[in-house]
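Chains as they are written, first to last, in the UniProt record's numbering: chain A, 1 to 232; chain C, 1 to 232. Heads up: the structure comes next, in structure tokens.
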DNA sequence: CGATTGCTTGAATACTGTCAACTAGTGTGG
DNA sequence: CCACACTAGTTGACAGTATTCAAGCAATCG
């Protein structure tokens, strides 16, 4: 369970295809896996694009996948960073409402929508799992809307980093120097800031002793104190 | 179908209790209605509070209900304005993640969670409806995240007003002088702005001839042209 | 009728964005 | 192998937008 490297394969159930369905039996899981395939992606590869017909469901197995919405003029809002165990577009009908791209190397389990629908139709409990997963996704979205609308840059970054740390820790990763595989631009597009503001704010936090910036990682030193007024 | 006043009762199916489930038969609908009750609220009444145990599901029948998330220090983010036909907390387990309050007089259909779960357990198609509704909610949330993170005040307001108009129009309401029942503070807390910025930006749009501000209403005159760069 | 609340506007401030420059690291091609 | 180009990250200077603080007005309510 203790995977030290960031993109390392993980014995965690969540990291297996179909691992997002916690109530599936072993037989179900085996069958589910035969219905889909594991697809490797390299950094920046696009899994699917906003507006394209949604033919498949996805589940991240390894790595990080950025989910984002764009407008014609290069503006981009990354709505979430998907980690192993997270599912994408499970209930999308018709066309994709968002795009997805690999943040670094990633492995994704993909299953045609009809096959999954057929699989689920025999198993009522699967639908319940999906509803629960979507409820979590909605709750997360509410959190993010609050952050985007009501937090200043510094608070956005601290909350982002601590949440990211907590998610990785839940996957059993080593988070002491917290791995931050996404670029500054990705962070900016996620928090509704510019690259420059992200850099500057991180630098400010480092000068204050709250964090330590390392290549590809950030050590969280005193975020509780700094975040206290924000999270109380 | 032509309801002229804003909070007027509406013959639209969506405005009936259970009307959000479009594939329910008449018999199902009748039974569903007996399981819940219609509860009237007056302006500013709280339906449920973030952190409280989630014992019921809600569906707006009449009026507008604001869904919001707060932090201890008075900061508030209104994540959505629910209209007749919209459902609330249908899949929430445990505790409410958000609060809800009536924006003006409202009628809400409320059903205990267990009763609805029991009702749904005999009817597999209900779960599919719920999944579809939640998928729509997630897509909406993505839109709002983009607006909060990547649009300036003026664009936020124009997009908000046009979306609001489109939603009311879909309910068969008269939207020529667009009814705006929520306060400036509500709008500000929805768009991630301050009351003052909302006022000033609306005034600017009015001076420019894009809108006309009336008491409780706003007439949209030239939003297409103004919004064109934003929505293209 | 006074008081409260919501809305509006003004002035000053602060934060974030824009533009620009510089560094370091990476990869490419000669 | 090295020169070159390109990208990501960082920092500075400046501009612009949104916030804060403040005050005035109108409408509502007790």
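C-beta: ideal position from N, C-alpha, C; glycine also.
Shown in chain order are the members of the stretch 85-113 of chain A whose Cβ falls below 8 Å from a Cβ of chain C: 91, 92, 93, 97 and 98.
Secondary structure at residue 70 of chain A: strand, using DSSP grouped into helix, strand and coil. Taken atom to atom, the span from the alpha-carbon of residue 90 of chain A to that of residue 58 of chain A is near 7 Å. Within chain A, the residues whose beta carbon sits less than 7 Å from that of residue 144 of chain C are 145, listed in sequence order.
Put simply, the backbone Cα of residue 100 of chain C is about 7 Å away from that of residue 49 of chain C. Exclusion of the five residues before and after residue 222 of chain C leaves 209 and 210 as the residues of its chain whose Cβ lies within less than 7 Å of its Cβ. If you check the CB distance, residue 161 of chain C and residue 191 of chain C do not come in under 8 Å.
Under the rule that a run must span 3 or more residues, the beta strand (DSSP E) segments found entirely inside the UniProt domain "Cyclic nucleotide-binding" (20-119) of chain A read 37-41, 46-48, 56-70, 76-82 and 99-112.
Non-local C-beta neighbours of residue 201 of chain C in its own chain, meaning closer than 6 Å and more than five positions away in sequence, comprise 153, 154 and 157, ordered along the chain. The beta carbon of residue 118 of chain C does not come within 8 Å of any beta carbon belonging to chain A, so the residue lies off that interface.
For residue 171 of chain A, the three-state secondary structure derived from DSSP is coil.
DSSP places residue 127 of chain C within a helical segment (H, G or I) once states are collapsed to three. In chain order, 79 and 80 place their CB closer than 8 Å to the CB of residue 144 of chain A, counting only its own chain and leaving out the 5 sequence neighbours on each side.
Here residue 219 of chain C carries a strand assignment [DSSP, helix/strand/coil].
Chain C places no beta carbon closer than 8 Å to that of residue 182 of chain A, leaving this residue out of the contacts. Residues of the stretch 124-141 of chain C with a C-beta less than 8 Å from any C-beta of chain A: 124, 127, 128, 130, 131, 132, 134, 135, 137, 138, 139 and 141, listed in chain order.
Pairing residue 34 of chain C with residue 220 of chain A, the inter-Cα distance amounts to about 54 Å.
Chain-ordered listing is empty here: chain A has no CB closer than 7 Å to the CB of residue 31 of chain C, the nearest sitting near 20 Å.
Here residue 191 of chain C carries a helix assignment [DSSP, helix/strand/coil]. The C-beta of residue 137 of chain A has 16 or more other C-beta atoms within 10 Å across all chains shown, which makes the residue buried.
189, 190, 191, 192 and 193: these are the residues of the stretch 188-214 of chain A whose beta carbon lies less than 9 Å from some beta carbon of chain C, given in chain order. Rounded to whole angstroms, residue 94 of chain A and residue 173 of chain A show a C-alpha spacing of 36 Å. Linking residue 82 of chain A to residue 103 of chain A through their CA atoms gives a straight-line distance of about 10 Å. In chain order, 142 and 145 make up the part of chain C whose C-beta sits under 7 Å from the C-beta of residue 79 of chain A.
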